[in-house]
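In UniProt numbering, the protein residues as written are 1 to 264.
Below is one structure, written out as structure tokens, with a few remarks after it.
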Amino acid sequence: MPKDAHGLDQDLPSLAVLVVDDNDVNRLYMLHLLRKFGHRPATASNGREALDMMSREPFDVVLMDVQLPDMDGLAVTRIVRAGQCGTANPANIPILALTAFAMAEDRERCLEAGMDDHLGKPVRVPELLAAVARSVERRRSGLEPRSPEPAAFDLSAFTRESRKEFATEMLALFLELAEPKGKSLAAAVKEGDIEAAMALAHDLAGMAGPLRAKRLHETMKALQEACLTGNLPACRAHHTLADRELATVLCAVRAHPYLSCGTP
1 MPKDAHGLDQ
11 DLPSLAVLVV
21 DDNDVNRLYM
31 LHLLRKFGHR
41 PATASNGREA
51 LDMMSREPFD
61 VVLMDVQLPD
71 MDGLAVTRIV
81 RAGQCGTANP
91 ANIPILALTA
101 FAMAEDRERC
111 LEAGMDDHLG
121 KPVRVPELLA
131 AVARSVERRR
141 SGLEPRSPEP
151 AAFDLSAFTR
161 ESRKEFATEM
171 LALFLELAEP
181 KGKSLAAAVK
191 EGDIEAAMAL
201 AHDLAGMAGP
211 LRAKRLHETM
221 KALQEACLTG
231 NLPACRAHHT
241 LADRELATVL
251 CAVRAHPYLS
261 CGTP
């Protein structure tokens with residue numbers, strides 16, 4: 001198959017590309033670059049604008065800045081992957097992260113949120129176009145984006161650092177408080193009570209910290225941030241993810257040998 005000067009497939013079709021970036025200079029640069037290579041770019045300057053555009057216009061690829069002023073690119077991606085962005089675009093639309101943070105853990109966070117790839121800033125043309133081409137090839141071949149399998153929640157870090165008596169008391173207290181708060185949170189989200197949902201998500205995020213429940217903390221914080229925007233569909237999408245993490249943590253806590261009596 002013929003390649004261009006960057007070693008890229010010349011048969012790559014013209015793509016509708018949504019560029020999400022809050023920096024005016026970056027958006028202008030990406031518009032110029034993508035048009036130069038025959039693509040059809042559109043831009044959004046924040047997460048809510050991106051979700052609005054994606055609910056109305058079909059795109060082939062999204063280039064998503066991670067650091068955005070209202071909700072970050074990870075939160076936007078989770079909403080899209082949860083199918084809460086209308087029907088103009090499929091939930092598995094390729095989303096590529098653009099970020100100045102290039103550590104391995106940053107890349108892992110992007111993949112865990114559902115992004116297809118992670119590209120550092122400043123953008124290098126060959127890497128960007130190659131990543132776009134890979135995402136299109138996945139679509140052509142019907143393959144889903146690669147994403148890591150969710151890791152089972154592990155209490156060992158918490159129990160190693162705590163005396164057995166204290167750890168047992170903490171686990172029991174977590175069960176006593178987190179379970180009803182989780183039910184209240186679900187009810188608040190269902191009823192559209194964003195203020196109550198935000199307060200409960202804040203409480204549960206704080207409770208996750210001592211147990212080293214990182215994903216629960218992150219998903220509850222993301223839900224809290226979505227509540228701050230007042231966007232109920234976004235809150236419901238984030239709640240789906242946060243509730244799943246809460247169920248995972250509650251299951252691990254109930255099964256821990258320190259709680260030998262178990263729970264009903």
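Glycine is no exception: its CB is placed at the ideal position from the N, C-alpha and C atoms.
Given the structure is predicted, the values throughout are model-derived calculations rather than measurements.
query: Based on the DSSP secondary-structure assignment, which residues constitute the bridge partners of Thr43?; result: Val19
query: For chain B, find out if any of its Cβ atoms is closer than 8 Å to the Cβ of Ala242; answer yes or no.; result: Reference to chain B is not applicable here, since this structure consists of a single protein chain.
query: Starting from Val80, trace the beta strand (DSSP E) both ways and give me its first and last residue.; result: Careful: Val80 lies outside any beta strand (DSSP E), inside the alpha helix (DSSP H) at 73-81.
query: Tell me Asp117's beta-bridge partners as DSSP assigns them.; result: Leu96
query: Is it buried or exposed for His32, if we count other Cβ within 10 angstroms and need 16 for buried?; result: exposed
query: For Leu241 versus Ala82, is the C-beta distance shorter than 8 Å?; result: yes
query: Taking 8 Å as the cut-off, decide whether the C-beta atoms of Ala201 and Leu185 are in contact.; result: yes
query: Going along the chain, which residues of its own chain have a beta-carbon closer than 8 Å to the beta-carbon of Pro210, five neighbours each way excluded?; result: Phe158, Met170
query: So, Gly192 versus Leu232, is the Cβ gap smaller than 8 Å?; result: yes
query: Do you know offhand how far Ala196's Cα is from Phe37's?; result: 48 Å
query: I need the boundaries of the beta strand (DSSP E) containing Asp60, first residue and last residue.; result: Counting along the chain, Asp60 falls outside any beta strand (DSSP E), and DSSP gives it neither H nor E.
query: On the CB-based measure, 16 or more other CB atoms within 10 Å of its CB, does Cys235 come out buried or exposed?; result: buried
query: Could you check the C-alpha separation between Val123 and Gly114 for me, to the nearest Å?; result: 21 Å
query: For Cys251, report the span of its alpha helix (DSSP H) as first-last.; result: 232-255
query: Quick one: Cα of Ala151 to Cα of Val19, how far?; result: Residue placement at Ala151 is poorly supported in this model, since its pLDDT is 47, which falls under 50; the coordinates still yield a value, given next. Near 31 Å, if we compare the C-alpha coordinates of Val19 and Ala151.
query: Identify, in the order they occur along the chain, each residue of the same chain with its Cβ nearer than 6 Å to the Cβ of His212, setting aside the five sequence neighbours on each side.; result: Inspection of the sequence shows that residue 212 is occupied by Arg rather than by His. Here the set comprises Ala157, Phe158.
query: What is the residue span of the alpha helix (DSSP H) that Arg160 lies within?; result: 156-160
query: Please return the same chain residues whose Cβ sits closer than 8 Å to the Cβ of Tyr258, not counting the five positions on each side in sequence.; result: Thr159, Lys164, Ala167, Thr168, Leu171
query: Assuming Ala88 contacts Ser55 under a Cβ cut-off of 8 Å, what Cβ separation, rounded to an integer in Å, is found between them?; result: 6 Å
query: Going along the chain, which residues of its own chain have a beta-carbon closer than 7 Å to the beta-carbon of His256, five neighbours each way excluded?; result: Leu155, Leu171
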